[in-house]
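Student: In my numbering, the protein residues as written are 2 to 254. The beta carbon of each residue, even a glycine, is placed where N, CA and C say it ideally should be.
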Amino acid sequence: MLMGGMMPVTQLIVMIRSSPPANGVTLMKGMPPDRLPVVVKELTPADLARLLPVMQPDYRQRVVGLLTEAQLIGVAAKLPTDAAVTVLRALPADQLVTLADRLPGPVATALYDALPARVQPEVLSRMDPRQAQAAVAPHYERAVAEALARANAEVLIPHSGPSGILLVPLFGGRVAVAPRHGDDGRVAVRDAEEAAYHHRANAALAITDVPVAEEVRAYCTQARREGRTLDTAFWSSERHDGTLKKALVGLFR
Numbered sequence: 002m003l004m005g006g007m008m009p010v011t012q013l014i015v016m017i018r019s020s021p022p023a024n025g026v027t028l029m030k031g032m033p034p035d036r037l038p039v040v041v042k043e044l045t046p047a048d049l050a051r052l053l054p055v056m057q058p059d060y061r062q063r064v065v066g067l068l069t070e071a072q073l074i075g076v077a078a079k080l081p082t083d084a085a086v087t088v089l090r091a092l093p094a095d096q097l098v099t100l101a102d103r104l105p106g107p108v109a110t111a112l113y114d115a116l117p118a119r120v121q122p123e124v125l126s127r128m129d130p131r132q133a134q135a136a137v138a139p140h141y142e143r144a145v146a147e148a149l150a151r152a153n154a155e156v157l158i159p160h161s162g163p164s165g166i167l168l169v170p171l172f173g174g175r176v177a178v179a180p181r182h183g184d185d186g187r188v189a190v191r192d193a194e195e196a197a198y199h200h201r202a203n204a205a206l207a208i209t210d211v212p213v214a215e216e217v218r219a220y221c222t223q224a225r226r227e228g229r230t231l232d233t234a235f236w237s238s239e240r241h242d243g244t245l246k247k248a249l250v251g252l253f254r
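#1: Is Gly174 helix, strand or coil when you go by DSSP?
#2: Quick one: give me the first and last residue of the beta strand (DSSP E) that Leu231 is part of.
#3: Using the C-alpha atoms, what's the distance from Gln223 back to Val120?
#4: Quick check on Val124: buried or exposed, where buried means 16 or more other Cβ atoms within 10 Å of its Cβ?
#5: Please classify Leu52: does DSSP put it in a helix, a strand, or coil?
#6: The beta strand (DSSP E) that contains Leu206, what's its start and end?
#7: Near Val250, what residues of its chain come up, given a Cβ to Cβ distance below 6 Å and the 5 sequence neighbours on each side ignored?
#8: My output table needs one value for Arg187: the three-state DSSP class, helix, strand or coil.
#9: Using only CA atoms, which one of Lys42, Glu239, Arg36 lies nearest to Met8?
#10: Looking at the secondary structure, which residues open and close the alpha helix (DSSP H) in which Thr1 lies?
#11: Going by C-alpha to C-alpha distance, which of Leu252, Gly243, Phe235, Ala214 sits closest to Gly228?
#12: Considering only C-alpha positions, which residue in the set Arg175, Ala193, Arg187 is nearest to Glu216?
#13: Report yes if the C-beta distance between Lys30 and Thr69 is below 9 Å; otherwise report no.
#14: Rounded to whole angstroms, what is the Cα-Cα separation between Gln165 and Asp184?
#15: Which one or two residues does DSSP pair with Val1 in a beta bridge?
#16: Can you tell which of Pro33, Val190, Arg175, Ala214 has its C-alpha closest to the C-alpha of Leu231?
#17: Using the C-alpha atoms, what's the distance from Ala115 back to Gln72?
#18: So Gln134 is in the alpha helix (DSSP H); what residue range does that whole segment cover?
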């Protein structure tokens, strides 16, 4: 008879909880297959957060497939972000879509990168807007940095100050560049100005992938009249590289 074959479930749970994680997993693997779903159902997110990281991938996938949505969300909240993503990636992509709006923000953001491209748009549509923005922002920032590099600009990533900022040395000065996905310029201009002040840059450039609001354009025009070198640029793909380069150089005309 396999270990735990006749033992009451409550006693098995006590043994699993009182054992080191690796030993607890050994107890689970020693059960008859038909007992595993019963035992897994009784494990709390805290129990699972101890056990899942030390399981072999194949066995972890089997256990994760038995978890309820409540258990999955609870485990994601208990584990470090990287470990939570490793666990959740064992689920079918379509199931991850249904969980996206209930996962902790950092986990949802990190998980987005690990998902197949075909389900990413649907996951974004289910996320809280702030989560969705956090998930996409690093991709957009990297894409803008690559576009600047294609324009033969040196791109620096500062280690302090506002996040998501690029610094471009140009004509003896520095430009603080704020790429902001899904923004009409209000956030990007604010962040670019703050970054320019923090990094003592000579100019600030806000980059967005949606049309800039007219009031933002007016604000930038007034700022230049007052002697502050500030502008916006639209970029959403390589076909806008020329526009981006023109905006960057135009700051110093």
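Tutor: Working from what's here:
#1: In the structure shown, Gly174 falls within a strand segment according to DSSP collapsed to helix, strand and coil.
#2: Where Leu231 is concerned, the enclosing beta strand (DSSP E) stretches over 231 to 235.
#3: Distance between the alpha carbons of Val120 and Gln223: 43 Å.
#4: By the Cβ neighbour-count rule, Val124 is buried, with 16 or more other Cβ atoms within 10 Å of its own.
#5: Leu52 falls in the helix class under three-state DSSP.
#6: Here the beta strand (DSSP E) through Leu206 covers 204 to 209.
#7: Counting only Cβ-Cβ distances below 6 Å, and skipping sequence neighbours, we find nothing.
#8: It is helical.
#9: Distance from the Cα of Met8 is smallest, within the candidate group Lys42, Glu239, Arg36, for Arg36.
#10: The structure shown does not extend to residue 1, since the chain is modelled only from 2 to 254, so the question has no answer here.
#11: Nearest C-alpha to Gly228: Leu252.
#12: Just measuring C-alpha positions, the residue of Arg175, Ala193, Arg187 sitting nearest Glu216 is Arg187.
#13: Contact flag unset, no.
#14: According to the sequence as given, residue 165 is Gly; it is not Gln. Their Cα atoms are separated by approximately 14 Å.
#15: Residue 1 cannot be examined here, being either before or after the span of the chain that is shown, 2 to 254.
#16: Measuring from the Cα of Leu231, the nearest candidate turns out to be Val190.
#17: Answer to the nearest angstrom: the Cα atoms are 21 Å apart.
#18: Per DSSP, the continuous alpha helix (DSSP H) segment holding Gln134 begins and ends at 130 to 151.
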